[in-house]
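Asks: Per the working numbering, residue 48 is the first one in the sequence shown, and the count goes up by one each step.
A virtual CB, placed ideally from N, CA and C, is assigned to each residue, including glycine.
All of these numbers come straight from a predicted model, not from anything done at the bench.
My questions will all concern the structure given below.
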Amino acid sequence: MEIEEPGVLYGRYSSHNQKDISVEQQFEKGYELAVEYGIRIIDTYADRAVSGRTDKRRDFQRMMTDAAKGKFRYVIAWKSNRMGRNMLEALINEARLQDLGVRVLYVEEDFDDTAAGRFAARSMMNVNQFYSENMAEDIKRGLYDNAANCMVANGHLPYGYKADETLHYAIDEPKAAVIREIFTRVSCGEAFVDIMASLNARGIKTSYGRPWGRSSFQKILSNERYRGIYIYGDVRKEGGIPRIISDELYFKVQEVITTKKNPQGRHRVNGDYLLTGKLFCGHCKSPMTGVSGTGRSGNLHYYYVCQKRRTEKTCDKKNVRRDEIELQVAQAIKDYALKDDVIEWIADSTVAYNERKEAESKVGILEDQLAGTEHGIKNIMSAIEQGIITETTKSRLVELESERATIKANIAAARADIVTVSRDDIISGLEMFRDGDVHDKKYQARLFDTFLVAVYAYDDDLRLVFSFSGNKNTIQIPIESAVNAVENNEAECSFKLCSAPPKEMDMTFRHVHFFWR
Numbered sequence: 048m049e050i051e052e053p054g055v056l057y058g059r060y061s062s063h064n065q066k067d068i069s070v071e072q073q074f075e076k077g078y079e080l081a082v083e084y085g086i087r088i089i090d091t092y093a094d095r096a097v098s099g100r101t102d103k104r105r106d107f108q109r110m111m112t113d114a115a116k117g118k119f120r121y122v123i124a125w126k127s128n129r130m131g132r133n134m135l136e137a138l139i140n141e142a143r144l145q146d147l148g149v150r151v152l153y154v155e156e157d158f159d160d161t162a163a164g165r166f167a168a169r170s171m172m173n174v175n176q177f178y179s180e181n182m183a184e185d186i187k188r189g190l191y192d193n194a195a196n197c198m199v200a201n202g203h204l205p206y207g208y209k210a211d212e213t214l215h216y217a218i219d220e221p222k223a224a225v226i227r228e229i230f231t232r233v234s235c236g237e238a239f240v241d242i243m244a245s246l247n248a249r250g251i252k253t254s255y256g257r258p259w260g261r262s263s264f265q266k267i268l269s270n271e272r273y274r275g276i277y278i279y280g281d282v283r284k285e286g287g288i289p290r291i292i293s294d295e296l297y298f299k300v301q302e303v304i305t306t307k308k309n310p311q312g313r314h315r316v317n318g319d320y321l322l323t324g325k326l327f328c329g330h331c332k333s334p335m336t337g338v339s340g341t342g343r344s345g346n347l348h349y350y351y352v353c354q355k356r357r358t359e360k361t362c363d364k365k366n367v368r369r370d371e372i373e374l375q376v377a378q379a380i381k382d383y384a385l386k387d388d389v390i391e392w393i394a395d396s397t398v399a400y401n402e403r404k405e406a407e408s409k410v411g412i413l414e415d416q417l418a419g420t421e422h423g424i425k426n427i428m429s430a431i432e433q434g435i436i437t438e439t440t441k442s443r444l445v446e447l448e449s450e451r452a453t454i455k456a457n458i459a460a461a462r463a464d465i466v467t468v469s470r471d472d473i474i475s476g477l478e479m480f481r482d483g484d485v486h487d488k489k490y491q492a493r494l495f496d497t498f499l500v501a502v503y504a505y506d507d508d509l510r511l512v513f514s515f516s517g518n519k520n521t522i523q524i525p526i527e528s529a530v531n532a533v534e535n536n537e538a539e540c541s542f543k544l545c546s547a548p549p550k551e552m553d554m555t556f557r558h559v560h561f562f563w564r
């Protein structure tokens, strides 16, 4: 037989199914079937140790994408249960391929394209679905039996523990010492970045064998297993595993973490660092965070420091005094954003932006959800027309129809809830900021929260990024000049705005500089 038609092989191996044959064996038989049908295999797709009950199969999704591009005419798989996590999904995936002009062949299941053949295929898919669900129940039952005896229920153990010969939890003392160190240092208020740098400098790795990062501590510090509680699913047993830390230390750390989550920035001995999360190093673009230190006189001084300089020692940006930079940023915002012409421009741009975008952003998302739901209903109706009527099919259809009704109601409510803010209201609200004192920390915080997106600190100047009506604009101010402007009398020194507010056509990232005269 002349080999002309292009085709591909798809294989999947489930780690839970001990009787499943390997992907290599599936491909070997697939090549034999390809020769029999005169198919030229141009590619192979394999998902290893992945259950058919999940559709997060990367190579399967890649195969479907390639099918849509018309790269092949045939797909050869071991059995029909390779095509989906249940009968309905397998049929839908097979129908999608058929719509793309791709025929699916099975090595172990020979179904012809007749009414009897299609009936046999659906019956086999029903059997496959029963087998898959029954196996999943057996696996879940086994895991919960282990949990009832406080045994290791899956392969991954928390850092600091190991499994003994009976598959119960045991303390891995060298790693447990690291856990105690982390909890103790955090309870004393030490920053994550400093703990991270210390562990990495000593060559200590995470449970995944990687260096510690700023996000490495969150799961550890909230893990109640370290105080002796066995947890698996809804199973929870106090004293079920060996304890590594005391309850007192655990709950003290939770209080520290709650304080760290303060949205106004990290609280220090003498107030907040108001630019936390908005101040970045001009050299390396890393965040600059608040630190304090005691001078020779014994007085506390407050700074912002580049994170990369602090943790990696790879940036030469000098520390910036907290009070000075917060004051000059507040003054720059007041001098730029609260001018009459800028306020009017902000109001006009905001009104136009709201009219153009606000309704779309809310209603548009809901309408996309509605389209997806309608598509799901259409697929199920198509399956029903092919004679597929199961409890799963009916319950899913009822669920989607209920979801469709809810989304339609939400769309109507979203359209009714659109609030129009007038131009005069916007101008009035902005003018209220003019009377504040830039030396007042509460006023500074209001300015930063309302107008400021980011500040980039360079050696000689600051660059402030604003967001007006969805568009970003920047201003640039010399550091020393800005300080003088705050400290000197306005008659001796004043700002000059050298560019008009950006127009609609060039609103994105327009630079506006301050100069002296």
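1. For Ile86, I'd like the list of residues in its chain whose CB is within less than 6 Å of its CB, leaving aside the five on either flank, ordered along the chain.
2. By DSSP, does Thr440 sit in helix, in strand, or in coil?
3. Roughly how many angstroms lie between the CA atoms of Ser396 and Val485, to the nearest whole one?
4. With a threshold of 6 Å on Cβ separation, who are the neighbours of Lys355 within its own chain once the five nearest residues in sequence on each side are excluded?
5. Could you check where the beta strand (DSSP E) with Asp94 kicks off and where it finishes?
6. Phe327 to Met335, Cα distance in whole Å?
7. With a 10 Å radius around its C-beta and 16 neighbouring C-beta atoms as the bar for buried, classify Cys353 as buried or exposed.
8. Within the stretch 226-277, note down every full alpha helix (DSSP H) run reaching 4 residues or more, in order along the chain.
9. Would you report the Cα separation of Leu447 and Gly423, rounded to the nearest angstrom?
10. Let me know the secondary structure DSSP gives Tyr208 once reduced to three states.
11. Buried or exposed: which applies to Asn140, given that a residue is buried once 16 or more other Cβ atoms fall within 10 Å of its Cβ?
12. With a threshold of 6 Å (Cβ to nearest heavy atom), would Ile524 be considered close to the ligand NAD?
13. Roughly how many angstroms lie between the CA atoms of Tyr255 and Ile474, to the nearest whole one?
14. Along the chain, where does the alpha helix (DSSP H) containing Tyr400 start, and where does it finish?
15. Taking Val149 as part of the alpha helix (DSSP H), name the residues at either end of that continuous run.
16. Can you tell me which residues form a DSSP beta bridge with Tyr505?
17. Reducing DSSP to helix, strand and coil, say where Arg59 ends up.
18. Keeping to the same chain, check which residues put their C-beta closer than 6 Å to that of Phe230; ignore five residues upstream and five downstream.
19. Leaving out five residues on either side along the sequence, give the residues of the same chain with a beta carbon under 7 Å from the beta carbon of Leu204.
20. For the stretch 487-506 against the stretch 375-387, are there 3 or more C-beta pairs whose distance is under 8 Å?
21. Does the Cβ of Thr420 have 16 or more other Cβ atoms within 10 Å, making it buried, or fewer, making it exposed?
22. Indicate the three-state DSSP secondary structure (helix, strand or coil) for Tyr351 in the structure shown.
23. Per the DSSP calculation, Phe327 is bridged to which residue(s)?
24. Quick check on Ile292: does DSSP put it in helix, strand or coil?
25. When the distance is taken between beta carbons, is Asp94 closer than 7 Å to Arg104?
26. Measuring alpha carbon to alpha carbon, tell me which of Asn247, Lys365, Glu237 ends up nearest Ile304.
27. Does Leu347 pass the burial test, meaning 16 or more other C-beta atoms within 10 Å, or should it be called exposed?
28. Kindly list the residues whose CB is nearer than 6 Å to the CB of Glu285, restricted to its own chain and excluding five residues on each side of it in sequence; keep chain order.
29. Determine, using beta carbons only, whether Tyr216 and Ile288 come nearer to each other than 7 Å.
30. Give the secondary structure of Lys488 by DSSP, where H, G and I count as helix, E and B as strand, and everything else as coil.
31. Can you check whether the CB of Glu373 is closer than 7 Å to the CB of Gln491?
32. Using DSSP with H/G/I as helix, E/B as strand and the rest coil, what is Asn520?
33. Please classify Ser429 as buried or exposed, where buried requires at least 16 other C-beta atoms within 10 Å of its C-beta.
34. Between Gly280 and Gly131, what straight-line distance do the alpha-carbon atoms span, to the nearest angstrom?
Replies: In short:
1. Glu52, Gly54, Tyr121
2. The answer is helix: DSSP assigns Thr440 an H, G or I state.
3. 26 Å
4. Taken in chain order, the residues that qualify are Cys331, Ser333, Thr361, Cys362.
5. 86-95
6. 5 Å
7. buried
8. Those alpha helix (DSSP H) runs which fall completely within the stretch 226-277 and span 4+ residues are 239-248, 265-268.
9. When the Cα atoms are used, Leu447 and Gly423 turn out to be separated by approximately 7 Å.
10. strand
11. buried
12. Of ligands this structure carries none, so the ligand NAD is not represented either.
13. C-alpha separation (whole angstroms): 54 Å.
14. 387-400
15. Premise fails: Val149 is in no alpha helix (DSSP H) and is neither H nor E.
16. Paired residue(s): none; Tyr505 is not in a bridge.
17. Three-state result, Arg59: strand.
18. Ile292, Leu296, Val300
19. Ala210
20. yes
21. buried
22. Tyr351: strand per DSSP, three-state reduction.
23. Pro334, Tyr503
24. coil
25. In this structure, Asp94 lies closer than 7 Å to Arg104 by Cβ.
26. Glu237
27. exposed
28. Ile276
29. yes
30. Secondary structure of Lys488 (DSSP, three-state): helix.
31. yes
32. In this structure, Asn520 counts as strand in the three-state DSSP scheme.
33. exposed
34. 26 Å
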